[in-house]
Amino acid sequence: MTAHTQQLGRPALPPVPAPVSAARAAGVVAGHRLSGRGASLGTYAAYLVLQMLQLFVLSRLAPRFFWLDDSQGQFGPMLWWLGQQLEGGRPPIMAPELGMAGNLAADMQYGALDPLHWGLMALSRLTDDFLVMSWGFAALCVVLLGTGVLTVLRHYGVGDWLAIAGSLGVASSGFLLWYGGSWWPLMWSVAWLPWFWWGLAAPRRSAPLVLGVATWALLASGNPYVLFFALALVGGQVFEQIRDAGSWRVLLQPLGVARTGAAVGGLLLALPTLLATVETSPYMSRLDPDPLVGNAAFGVTNLADVLLGGPTLLGQTNSFGGTLPLVPAMYTMVVAVAAAAFVDWRRALRAPGVVTAGVVYALAVVFTQLPTVVAMFRYPFRYLVVVQIMLPLLVLIGLRAAPRFSRGRLAAAGGLVLAQTLLAVFRAPVFLSWHVLAGALTALAVAGLVVALRPGEAIDRRRTWPAAAVVVAISWSAVFLGEQMMVSLQERKNALDGAAADADVPLRNLPAGRELGTTVPAYQERSLRTGTSATVIDYGFDGDMGWSDGVLRSNGNLVADFLTGTGSYAVWHAALNERWCRTYEGATCQDPAELLSPAGDTGTSWLELLSEDTVLLDREAPEALTDHFAREWTVAEESNAYVEYRREDDLPGRITAASGVTVAAADEARVVRGDEPLGAYTVSTGADGGWLAFRLPYWPGLTATLDGEQVAVGAVEDAVLRIELPAGVAAGTLEVSYAPLGERLLLPATGVGALLVVVAWGWAVVAGRRGADVPAAARRDEW
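Numbering follows this note's numbering, with no gaps: position 322 of the sequence shown is 311.
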């Protein structure tokens, strides 16, 4: 160990004792690595070319691959709309006319308080084509993940060709593409996991900078499910570094201190997002556990499918998407499962990286078996994405450290391939030919791996390079096997249903939304309203997600800048949702009698209190509601699906009930930014004072001033904002503002966090320069 390595806080990679043949095999794994910075750049260039080619081919085969379900209904429209709302580089933190879906700061998935997300919003402004936007976002996440995996594998000495194959396999793994393509926060979050690991592990001066940014991105990603595994990475690395150095004091070396400082800086950068979520969590509701046994078992994956997933396996996830979900989401790098047979795990556990990868992989496997709901977390099949990232990393790092080839192990690998094939056949026997093809390609890739890594006295590059190319090629092409299988399934379904549909499109387990347009003008042309707001009451959207009716589900209406009093929901305002229930798509699910019941002591109903002065009522709404609007409101306009009603009263803007207060004027912001009030009102009261009730959901962080003096804010049955005003106010100015804790701390937390990351990086650079040169053996991933 050199003085420089000691200073940086990470010991040199220890040698792993091995029999001669295994050691030579390990040499072959690393032997395909060329030396020098140019070779390193060549490796990354080769990966990027292959990765972009893979994405290009997939885009030609399935142009809408990343434009479906939640990407159509939730994330895509919101990302684009927030990009249009950027002012001074920042998005708004609230859109009151979206009702309880309008607290943008409370839903961390949108990144309203995260500068990294602001960058994504700014990029979305560059196009009005949602296919371009969806592929751009997906490509960013896939390349970020793939280059991170490549960097980690090269750090642990995995040969360039095998590292490229592993990166391609992980970055095109099943859950990431087939489910993550809909749930964009998943793609964004897991893309940072390998970079977080590298920042923890690499004895490099740039490691603290990478760790700080990755910590920030993970914590503010909008995917809290990934945070358990970030903690597991920390635990694994702390254990390995103490074990390899022989003392816990290694953590106090300059690089260890720099890493800690950078991680704290990343935490501070993400703190506004986290605090906004934590602050509102007491007011939020999510799914409750099954009341009978505590586990509905929905979204819990079959353990065999988790462990043996292959390219064509339609895995069981317990009714998520059907009894047998029609999606090939269970695979990762094709040789990963079988190649585990070629690792001497007893020896490998002493090598750097193996314990870390093993702990995270095991934790992810266990988490896939959790109950359906645990605290705020639901549907444990989501953890599959971490299983599929960590398994190739574990196996390839283990194979680098302690390979062992024998006839018995070759038979075991063949048995694993056979088990993968049989499991896929048992799950969906109609695809026998596809499963056999997948099994044959997997076996061919395993054979290529064995030939390329085969120990011997002399290494024949003419034999090993073609074998390595086979492994890379099959790893690159596995995604197309599943995609084409799903095309055949769509054709089969069309034939059975007697339906005419687009040719050469893969069946999607999630709502495909093929009826929806793909450009901003198409959305605006179909929208019933543009650039305005109204309360939409719809008890369910048609099969085309509302496209033909002109009012879309979830956040889709944002593309036409039509704010509908609702949106997409991952969490709900608990008290408000009890009075006006909304589905996750934004449809009304409340009993009309409850909507028409009194709203506390306001003297009006919840329906009247929570509605704008313009309502679009679904023609198929319950009779009690249609009778109420016909009797109490005025018909303004009619369409095929909706009747527009308007209310005439003396209350302006968002004020929907009042007692003892006269409101002469209202000046309201359409979207709320932290440095300006959301509304200003000219108010007067009599001798007894009075109160105002708003259709604005009550959130912590709402404040009010009357002529510059603070007045208390409250809520109507914990649901919507209510403000008490004193007696004797004459034409006073009432200002209502929203500034959650995350907003108030945004500037100091961002400034201090960024400074801490930079200082930590600088500390590592200075400490490194004072030490000896980095040894050549440890320079393989120098930046």
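Idealized CB from N, CA, C, for every residue including glycine.
Cα-Cα separation between residue i and residue j, rounded to whole angstroms
i	j	result
G506	P85	27 Å
T645	Y727	19 Å
L105	L133	14 Å
Y350	Y670	57 Å
R452	G731	59 Å
L399	P280	49 Å
R194	W124	34 Å
D149	W107	35 Å
F126	P80	19 Å
N291	V159	21 Å
T312	Q305	7 Å
T692	L120	41 Å
V754	F185	19 Å
V624	E567	28 Å
V348	G211	24 Å
W595	H562	15 Å
A330	A402	5 Å
R571	C578	5 Å
G91	A101	11 Å
T722	N498	54 Å
E597	L585	8 Å
P774	E76	No statement about residue 774 is possible, as the shown extent of the chain runs from -10 to 772 and does not include it.
R707	T555	Before going further, note that residue 707 is Asp rather than Arg in the sequence given. Distance between the alpha carbons of D707 and T555: 19 Å.
Reduced DSSP secondary structure (H/G/I, E/B, other) of residue i
i	result
E480	helix
P500	coil
M83	strand
D607	strand
M322	coil
L213	The displayed chain sequence assigns Pro, not Leu, to residue 213. In the structure shown, P213 sits in a helix (DSSP, three-state: H, G or I).
W569	coil
D59	helix
F185	helix
W622	coil
Y145	coil
L585	coil
N546	helix
Q98	coil
E627	strand
S522	strand
W536	coil
T361	coil
Local Cβ density within 10 Å of residue i, reported as buried at 16 or more and exposed below that
i	result
D58	buried
E633	buried
M176	buried
E621	exposed
S178	buried
C130	buried
A11	Reliability of the predicted coordinates at A11 is poor, the pLDDT of 38 falling under 50, and the value obtained from them is presented with this limitation in mind. With 16 or more Cβ atoms within 10 Å of its Cβ, A11 is classed as buried.
R416	buried
A337	buried
N629	exposed
D770	Confidence at D770 is low in this model, with a pLDDT of 41, below 50, so its placement is unreliable and the value that follows should be read with caution. Result: buried.
G78	exposed
T519	exposed
P381	buried
R371	buried
E601	buried
Cβ pair residue i, residue j closer than 8 Å
i	j	result
V725	P641	no
T321	Q230	no
S516	N546	yes
S274	F287	no
Y272	S156	no
D677	A716	yes
A749	G245	no
V560	D96	yes
L714	W680	yes
L165	T345	no
T301	G471	yes
P174	G188	no
Residue i at chain D interface by Cβ criterion, 8 Å
i	result
V289	Judged by its chain identifiers, the structure shown contains no chain D, having just a single protein chain.
Report yes or no: do the region 738 to 753 and the region 244 to 262 share at least 3 C-beta pairs separated by less than 8 Å? yes
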